[in-house]
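Structure first, commentary second.
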Amino acid sequence: MEEVFSLSALLNEMKAFLPLAIALVFVIATLSALHYMLLGKQRHLSSEQKLPRQITMLVSTVVGAVVIAMALLISESTRNQVIALIGVLISGVIAFSSTTMVGNVMVGLVLRVNRPFKVGDFIKVDGYIGRVTEMGLLDTEVQTESRELISFANTLMVNTPVTVTRASGAIVSVDISLGYDIHHSVIEKHLIDAAHNAKLTEPFVQVISLGDFSVSYRIAGLLLEVKSLLSARSRLHKCVLDALHNNDIEIVSPGFINQRPQPDGVKMIAKTPQALSSDSDVSPSPEDVIFDKAEDAEKHEKSKAAIAESLVSIEAALSSADGNEKDLLKTQKAKLEQDLANLVQQKHDEDEKG
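Take 1 as the starting number for the sequence shown in my numbering and just add one per residue.
This is the structure in structure tokens:
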């Protein structure tokens, strides 16, 4: 009789643990299945494709912990305290995320939302220049000009200025020092030809400085195919050498001393060639090429402000109009609203294009 009673008590005790056992088995099985379906059998996924799956696993783990806490054989008040403790722990981890691994995760999510750059973009960060090869949950991988792979913590990407080469085009330039004995218009013509030969568009020449021994010029142009940025720089250097040397123009360093006897009273001022006097304004302004996005943004804002002002005027006139005049004002209002929507969409498309 005592054995029957003991067996019955043991079964009752086991029944009390049954909900907890079921919860444990369910949570472990569900998390294992999710991990296999989302990450286990999908080994070919990139870091960008893995990110939402990893977030799903993280959220599922937190939900599983709460389910297990609710199945514990404790009083309801204690159970609520355990669930609150889980929330406090998660909040504490997020609160200290600026100096922990979770900080990189949080910043990785911010980079996904803001998208200051994407995979394949040329960037410069912490003195290194290269192309982004991977944007992970904890770090960002960059391949440098020497083919090395460098991983930067995501927190560094927001705490350090990052220079991003725009996908719509990049400015490629070469600085060169030449003597005072050749007029700048002659130099500009040959440098512009060199930029065209280097397959750059909208080239322009700037005089950077007037040194004691030489004049510093900069030839620059717009490269539309940014993937060939390194080749374009090398090609521009070669074309500058060919353009100047083929026209008997010496390229010497500022420290080069070239002594040439000159008659008394001769001034080293180059004469402006008549054939080139009208060519100095052919190249576009550097500001038109470099700050094109700022110019477009300013034009968009002015257009939006003008449309908004017109809409305010029409709204004021509608209150006192009637008949055909009111219908005409409504038609004008609908057209202006459509123009405003087109402007907003156009700006969005330009931002997406880069």
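Yeah, the Cβ is synthetic: ideal placement off N, Cα and C, and Gly gets one too. Only a predicted model underlies this, so the values are computations on that prediction, with no experimental measurement involved.
Going by the DSSP bridge assignment, what does A153 pair with across the sheet? D139
Count the other CB atoms within 10 Å of the CB of L210; is the residue buried (16 or more) or exposed (fewer)? exposed
Check your understanding: Excluding the five sequence neighbours on either side, which residues of its own chain have a C-beta within less than 7 Å of the C-beta of I219, listed in chain order?
Key -> S173, V174, L191, A194, A195, P203, V205 and V240
Name the two residues that bound the continuous alpha helix (DSSP H) containing S234.
L229 to H245 is the extent of the alpha helix (DSSP H) around S234.
*Compute the Euclidean distance between the alpha carbons of H184 and V226, then round it to the nearest angstrom.*
30 Å
Buried or exposed: where does D139 fall if 16 or more other Cβ atoms within 10 Å of its Cβ makes it buried?
With 16 or more Cβ atoms within 10 Å of its Cβ, D139 is classed as buried.
>> Pull the bridge partners of D175 from the DSSP assignment, please.
In response: R218
- [ ] Give a yes or no on contact between the stretch 148–164 and the stretch 112–130, applying the rule of three or more CB pairs nearer than 8 Å.
- [x] Yes, since at least three Cβ pairs between the stretch 148–164 and the stretch 112–130 fall closer than 8 Å, the two stretches touch.
Discussion item. Quick check on this structure: which residue in N154, A23, R112 and L109 has the alpha carbon closest to the alpha carbon of V125?
Written reply: N154
(message) Let me make sure I understand the geometry here. Which of E325, H300 and G120 has the alpha-carbon closest to that of L340?
(response) H300
Exercise for review: Return the residue from the list S216, N197 and P161 that minimises the CA-CA distance to L177.
Suggested key: Looking at the sequence itself, residue 177 is Ser, so the reference to Leu does not match. Shortest Cα-Cα distance from S177 to any of S216, N197 and P161 involves S216.
Taking all protein chains shown into account, do 16 or more other C-beta atoms lie within 10 angstroms of the C-beta of A21, making it buried, or fewer, making it exposed? exposed
Item to complete: Specify, as a first and last residue, the run of the alpha helix (DSSP H) that V186 falls within.
Response: H184 to N197
Which residue wins for smallest C-alpha separation from V119, given the options M135, G108, V107 and H35? M135
inquiry  = Rounded to whole angstroms, what is the Cα-Cα separation between I83 and L39?
reply    = Just so you know, the alpha carbons of I83 and L39 end up roughly 28 Å apart.
Given 7 Å as the limit, tell me if N247 has its C-beta closer than that to any heavy atom belonging to the ligand NAD.
Annotation note on the ligand NAD: not contained in the displayed structure, which lists no ligands.
- Message: Let's see if you can read the secondary structure: which residues bound the beta strand (DSSP E) around S209?
- Response: T201 to L210
Own chain residues within Cβ distance below 7 Å of H237, not counting five before or after = The answer, listed in chain order, is V174.
Classify G221 as buried or exposed, calling it buried when 16 or more other Cβ atoms lie within 10 Å of its own Cβ. buried
*Which residues bound the beta strand (DSSP E) around V164?*
V162 to V164
Q. Considering K124, what are the terminal residues of the beta strand (DSSP E) in which it resides?
A. F122 to V125
Worksheet item: Among residues of its own chain, excluding the 5 on either side of A232, which ones have a beta-carbon nearer than 6 Å to its beta-carbon?
Response: V172 and L223
Self-check item: Cβ neighbour criterion (16 or more within 10 Å) applied to L244
Solution: buried
Buried or exposed: which applies to F356, given that a residue is buried once 16 or more other Cβ atoms fall within 10 Å of its Cβ?
It is not possible to answer for residue 356, since the shown part of the chain is limited to 1 through 354.
Practice item. Determine the closest residue to I68 out of S75, V25 and V88, with distance taken between C-alpha atoms. Key: V25
Notebook entry, point to check: Using the C-alpha atoms, what's the distance from T201 back to Y180?
Noted result: 28 Å
So L336 and L329 are in contact, right, with Cβ under 8 Å, and what is the actual spacing, rounded?
No, L336 and L329 are not in contact; Cβ-Cβ is about 10 Å, not under 8 Å.
Residues in its own chain within less than 6 Å of N342 by CB, not counting five upstream and five downstream?
-> none
**Item:** E145 classed as buried or exposed, judged by whether at least 16 other C-beta atoms fall within 10 angstroms
**Value:** exposed
inquiry  = Is the beta carbon of D121 closer than 8 Å to that of T165?
reply    = yes
Practice prompt. For A170, write down the residues that DSSP places opposite it in a beta bridge.
Written response: L223
### Task
Sort I123, P161 and H35 by Cα distance to Q54 and report the nearest one.
H35
Run through the DSSP bridge pairs and tell me what I129 is partnered with. K124
- Tell me, which residues are paired with T144 by DSSP? G130
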